[in-house]
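**Q** Sharing a structure, written as structure tokens. Questions coming.
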Amino acid sequence: MFKKILFYVFLVIFFSCKKDYKKITINSFIQEKSLVVEPYSFMPYSMFNLKIKGYVNDTIYVKTEGAYNLEFKLHGAIDTLWYSDYYGEGPVKCTFLPYRATEGHLDIEVKL
Numbered sequence: 003m004f005k006k007i008l009f010y011v012f013l014v015i016f017f018s019c020k021k022d023y024k025k026i027t028i029n030s031f032i033q034e035k036s037l038v039v040e041p042y043s044f045m046p047y048s049m050f051n052l053k054i055k056g057y058v059n060d061t062i063y064v065k066t067e068g069a070y071n072l073e074f075k076l077h078g079a080i081d082t083l084w085y086s087d088y089y090g091e092g093p094v095k096c097t098f099l100p101y102r103a104t105e106g107h108l109d110i111e112v113k114l
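Okay, so the sequence shown: first residue is 3 according to the working numbering, each after it adds one.
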């Protein structure tokens, strides 16, 4: 009985602490915002997904550092999905820079 309870507690903790998936919503274009996703050491990975959706009134930058060093320059209505192979090479930091944009709404989702 105790082993079952311990197993369920482990499952709840494991699935509630998603460090390999992050999502931020941006409504304020005053400062840069960052998020970091990290792979679990015991899980096999195969894909890195970066999804950006929303709209902005001018140009923004979104860049990643880590396994992939990407830099996106986006403006207007945005619905972008970028994906590539990823095999747990280490953490990936995604940074949003408002650049010239002053208003809008963005959802940025990063998943390993």
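For glycine and all other residues, C-beta sits at the position ideal for the given N, C-alpha and C.
Determine the closest residue to VAL38 out of GLY92, MET3, LYS75, VAL58, with distance taken between C-alpha atoms.
**A** GLY92
**Q** List, from N- to C-terminal side, the beta strand (DSSP E) runs of 3 residues or more that fit wholly inside the segment 82-113.
**A** Unbroken beta strand (DSSP E) stretches of 3 residues or longer found wholly inside the segment 82-113: 94-99, 106-113, given in chain order.
**Q** With burial defined as no fewer than 16 other Cβ atoms inside 10 Å of the residue's Cβ, what is the status of TYR88: buried or exposed?
**A** buried
**Q** First and last residue of the beta strand (DSSP E) that includes LEU37?
**A** Unbroken beta strand (DSSP E) run through LEU37: 35-39.
**Q** Nearest-angstrom Cα distance between HIS72 and LYS65?
**A** Here residue 72 turns out to be Leu, not His, going by the sequence shown. In a straight line, the C-alpha of LEU72 is about 5 angstroms away from that of LYS65.
**Q** Could you name the residues of the same chain whose beta carbon sits closer than 6 angstroms to that of THR82, not counting the 5 residues immediately before and after it, in chain order?
**A** The answer, listed in chain order, is ILE54.
**Q** Should ASP22 and LEU114 be called a contact, given that it needs their Cβ atoms to be closer than 7 angstroms?
**A** In this structure, LEU114 lies closer than 7 angstroms to ASP22 by Cβ.
**Q** Can you grab the Cα-Cα spacing for the pair THR27 / THR61, in whole Å?
**A** The straight-line gap from Cα to Cα measures roughly 17 angstroms.
**Q** What separation, rounded to the nearest whole angstrom, lies between the Cα atoms of GLU34 and PHE44?
**A** 32 angstroms
**Q** Have a look at the DSSP bridge pairing and note the partners of THR27.
**A** ASP109
**Q** Going straight from the alpha carbon of VAL14 to that of TYR42, what length do you get?
**A** Confidence at VAL14 is low in this model, with a pLDDT of 49, below 50, so the placement of that residue is unreliable and no value is reported for it.
**Q** What's the C-alpha gap between VAL112 and ASN59?
**A** 23 angstroms
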